[in-house]
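Residue numbers (full-length UniProt numbering): 1 to 394.
Okay, structure first, notes after.
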């Protein structure tokens with residue numbers, strides 16, 4: 001007589017057929033050393049021994065489980081005996097989390113565990129357990145079996161669970177390389193959709209803020225592009241300002257630039273990206289402004305002007321476009337980011353290449369954009385500055 005498996009035992013997969021045959025041969029030669037443990041008439045521990053006894057033609061030896069916590073016992077036995085992948089452990093953890101649906105709580109011990117606790121018990125991340133639970137909810141039996149067998153990772157399985165069950169079954173029959181490629185393709189499509197949704201949300205938040213934002217700028221913007229009129233320090237006020245920016249446009253000291261955003265109505269959404277121009281000597285001031293405006297530094301792009309200018313420690317031929325964020329705006333999709341260095345010969349004093357604004361437009365289409373300290377507004381952008389006049393004609 002053989003006994004059915006206890007559901008707690010089924011949390012872990014059976015050993016592979018070659019290993020089962022080796023176990024059967026050992027039992028045939030040396031007998032069954034360890035008894036098969038039963039709980040409520042079902043095999044709690046020893047499913048492989050029971051199957052091996054059948055192959056060897058040996059009558060199995062059974063005993064009743066006498067412990068107080070069958071789940072902890074099963075976990076201890078299987079995790080100590082086997083080398084299981086993260087994905088196999090994640091599926092086991094997901095089964096534990098869902099256990100309250102099918103096990104009598106009086107005999108399940110601590111089986112009803114939240115995701116975090118189950119993840120800790122199986123030594124996997126919460127994210128992996130969440131992925132495994134999605135697979136159990138939406139995955140075809142063939143996909144779940146492939147993960148339990150170690151053929152498919154739980155994260156690839158989560159992506160594949162978006163497919164129809166028949167398509168899932170077809171994919172898992174492919175070679176591992178093809179499975180990974182299909183999962184990667186699905187994740188890329190999902191990422192595009194999520195990115196589009198987040199961009200749309202940014203635009204909606206900005207539109208809603210049009211009626212409520214106080215001050216001189218009447219909208220809220222998720223994208224801000226700024227080229228502040230920095231007031232540079234010089235060694236000599238008498239001779240050092242011959243080539244100063246003040247000869248071309250009004251400048252502002254750093255404290256005034258820090259206070260500017262609040263003075264014009266704080267026209268920035270909670271989730272926003274700032275593109276802030278900075279020169280080498282004013283780099284500390286630029287970080288100060290970025291912080292004062294509520295942004296944290298993330299990255300930067302470089303404008304190579306091709307022709308070197310002046311400088312006390314080196315002859316500058318580049319400027320930096322610092323990138324900061326506030327809240328949780330979407331970063332550019334993978335593969336769409338521009339190279340960080342753009343080479344273009346400098347034009348009139350302080351004028352920046354249109355290429356940089358074009359990259360912002362490409363990465364954040366249909367999202368409201370504000371250019372601060374603007375000279376000539378770009379079509380589709382709002383502008384604020386000494387030489388700007390609101391919004392450019394489309």
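For every residue, glycine included, the Cβ atom is placed at its ideal position computed from N, Cα and C.
Reduced DSSP category for residue 52 - H, G, I as helix; E, B as strand; rest coil: As a position in the chain shown, residue 52 is number 52, starting the count at 1. It is helical.
Check the C-beta distance from residue 273 over to residue 365 and give it rounded, since I have them as a contact under 8 Å. Taking the first residue of the chain shown as position 1, residue 273 is located at position 273. Taking the first residue of the chain shown as position 1, residue 365 is located at position 365. About 14 Å separates the Cβ atoms of residue 273 and residue 365, ruling out a contact at the 8 Å cut-off.
Close-in-space but distant-in-sequence residues of the same chain around residue 155 (CB under 6 Å, 5 per side omitted): What you label residue 155 is simply residue 155 of the chain shown in a count that begins at 1. Contacts found: 131.
Going by other Cβ atoms of all chains shown within 10 Å of its Cβ, with 16 needed for buried, is residue 139 buried or exposed? What you label residue 139 is simply residue 139 of the chain shown in a count that begins at 1. When all chains shown are included, residue 139 counts as buried.
With residue 355 as the anchor, note down where its beta strand (DSSP E) starts and where it stops. Here residue 355 is taken as the residue at index 355 of the chain shown, counted from 1. Counting along the chain, residue 355 falls outside any beta strand (DSSP E), though it belongs to the alpha helix (DSSP H) covering 354 to 363.
With 16 as the cutoff for other CB atoms within 10 Å, does residue 161 come out buried or exposed? Within the chain shown, residue 161 is the residue found at index 161, counting from 1. Classification of residue 161: buried, given that the 10 Å Cβ count is 16 or more.
So is residue 371 buried or exposed if we call it buried at 16+ other beta carbons inside 10 Å? In the chain shown, the residue the question calls residue 371 occupies position 371. When all chains shown are included, residue 371 counts as buried.
Along the chain, where does the beta strand (DSSP E) containing residue 269 start, and where does it finish? Taking the first residue of the chain shown as position 1, residue 269 is located at position 269. From DSSP, the beta strand (DSSP E) with residue 269 extends over 268 to 278.
Inter-residue Cα distance where the pair is residue 32 and residue 54: Along the chain shown, one-based indexing puts residue 32 at 32. Along the chain shown, one-based indexing puts residue 54 at 54. About 12 Å.
Under DSSP, the alpha helix (DSSP H) around residue 257 begins and ends at which residues? Position 257 of the chain shown, counted from the first residue, corresponds to residue 257. Segment 254 to 263, the alpha helix (DSSP H) holding residue 257.
Could you tell me whether the region 55 to 74 touches the region 3 to 13, where touching means 3 or more Cβ pairs closer than 8 Å? yes
Might you give, ordered along the chain, the residues of its own chain that have their beta carbon closer than 8 Å to the beta carbon of residue 5, omitting 5 neighbours on each side? Taking the first residue of the chain shown as position 1, residue 5 is located at position 5. Counting only residues of its own chain and dropping the five nearest sequence neighbours on each side, residue 5 has a CB closer than 8 Å to the CB of 42, 43, 47.
Around the C-beta of residue 88, are 16 or more other C-beta atoms found within 10 angstroms, so that it is buried, or is it exposed? On the chain shown, position 88 is the one that residue 88 refers to. Buried is the call here.
Span of the alpha helix (DSSP H) around residue 143: Within the chain shown, the letter at position 143 stands for residue 143. It spans 141 to 148 - the alpha helix (DSSP H) in which residue 143 sits, taken as one unbroken run.
Enumerate in chain order the residues of its own chain whose CB-to-CB distance from residue 295 is below 7 Å, with the five nearest sequence positions on each side excluded. The residue given as residue 295 occupies position 295 in the chain shown. Cβ within range, chain order: 274, 324, 325, 326.
Quick check on this structure: which residue in 221, 230, 374, 257 has the alpha carbon closest to the alpha carbon of residue 280? Translated into the one-based positions of the chain shown, residue 280 becomes position 280. The candidate whose alpha carbon is nearest that of residue 280 is 230.
Buried or exposed by the 16-neighbour rule on C-beta atoms within 10 Å, applied to residue 269: Start at 1 with the first residue of the chain shown, and residue 269 comes out as number 269. So residue 269 counts as buried.
Going straight from the alpha carbon of residue 367 to that of residue 183, what length do you get? Taking the first residue of the chain shown as 1, we reach residue 367 at position 367. Taking the first residue of the chain shown as 1, we reach residue 183 at position 183. Using only the alpha carbons, I get a separation of about 30 Å.
Between the region 298 to 312 and the region 250 to 262, do at least 3 Cβ pairs fall closer than 8 Å? Of all C-beta pairs linking the region 298 to 312 to the region 250 to 262, fewer than three are shorter than 8 Å, placing the two stretches out of contact.
Determine whether the beta carbon atoms of residue 136 and residue 98 lie at a separation below 8 Å. On the chain shown, residue 136 is found 136 positions in, with the first residue counted as 1. On the chain shown, residue 98 is found 98 positions in, with the first residue counted as 1. Yes, the Cβ-Cβ distance between residue 136 and residue 98 is below 8 Å.
So the candidates are 351, 122, 69; which of them puts its Cα closest to the Cα of residue 78? As a first step, residue 78 is located in the chain shown; it is residue number 78 there, counting from the start. Ranking the options by Cα distance to residue 78, first place goes to 122.
Are the CB atoms of residue 167 and residue 128 nearer to each other than 8 Å? Against the chain shown, residue 167 aligns to sequence position 167. Against the chain shown, residue 128 aligns to sequence position 128. In this structure, residue 128 does not lie closer than 8 Å to residue 167 by Cβ.
Top-ranked residue by Cα proximity to residue 359, from 347, 341, 376: Along the chain shown, one-based indexing puts residue 359 at 359. The shortest C-alpha to C-alpha distance from residue 359 to any of 347, 341, 376 is the one to 341.
Under the rule that 16 or more other beta-carbon atoms within 10 Å means buried, what is residue 220, buried or exposed? Residue 220 sits at position 220 when you count from the first residue of the chain shown. Residue 220 sits buried, since 16 or more C-beta atoms from the chains shown fall within 10 Å of its C-beta.
Buried or exposed: where does residue 34 fall if 16 or more other Cβ atoms within 10 Å of its Cβ makes it buried? The residue you call residue 34 lines up with position 34 of the chain shown. Exposed.
Do you know whose CA, among 320, 336, 282, lies nearest residue 312's CA? Numbered from its first residue, the chain shown carries residue 312 at position 312. Of all alpha-carbon atoms in 320, 336, 282, the one lying nearest the alpha-carbon of residue 312 is that of 282.
Measure the alpha-carbon distance for residue 169 versus residue 95 and round it to whole angstroms. As a position in the chain shown, residue 169 is number 169, starting the count at 1. As a position in the chain shown, residue 95 is number 95, starting the count at 1. Spanning the two alpha carbons is a distance of roughly 21 Å.
Taking C-alpha atoms, which residue in 57, 171, 374 lies nearest to residue 25? Here residue 25 is taken as the residue at index 25 of the chain shown, counted from 1. Per the Cα distances, 57.
Chain C within 8 Å of residue 305, Cβ atoms only: Structure shown: chain C not included; a single protein chain is present.
Same chain, Cβ closer than 6 Å to residue 383, neighbours up to 5 away in sequence not counted: Taking the first residue of the chain shown as position 1, residue 383 is located at position 383. Around residue 383: 371, 374, 377.
Grab the span of the alpha helix (DSSP H) containing residue 342 for me, first residue to last. Translated into positions along the chain shown, residue 342 becomes position 342. Here residue 342 belongs to no alpha helix (DSSP H); instead the beta strand (DSSP E) covers 341 to 343.
If you draw a straight line from the alpha carbon of residue 120 to that of residue 369, how long is it in whole angstroms? Sequence index remark: in the chain shown, residue 120 carries index 120 (1-based). Sequence index remark: in the chain shown, residue 369 carries index 369 (1-based). Distance between the alpha carbons of residue 120 and residue 369: 45 Å.
Residue 30 versus residue 18 - alpha carbon distance: Residue mapping note: residue 30 aligns to position 30 of the chain shown, counting from 1. Residue mapping note: residue 18 aligns to position 18 of the chain shown, counting from 1. Near 18 Å, if we compare the C-alpha coordinates of residue 18 and residue 30.
Buried or exposed for residue 237, going by 16 or more other Cβ atoms inside 10 Å? Taking the first residue of the chain shown as 1, we reach residue 237 at position 237. Caution applies to residue 237, whose pLDDT of 41 falls short of 50 and renders its modelled position unreliable; the value that the coordinates give is listed next. In summary, residue 237 is exposed, with fewer than 16 beta-carbon neighbours lying within 10 Å of its beta-carbon over all protein chains present.
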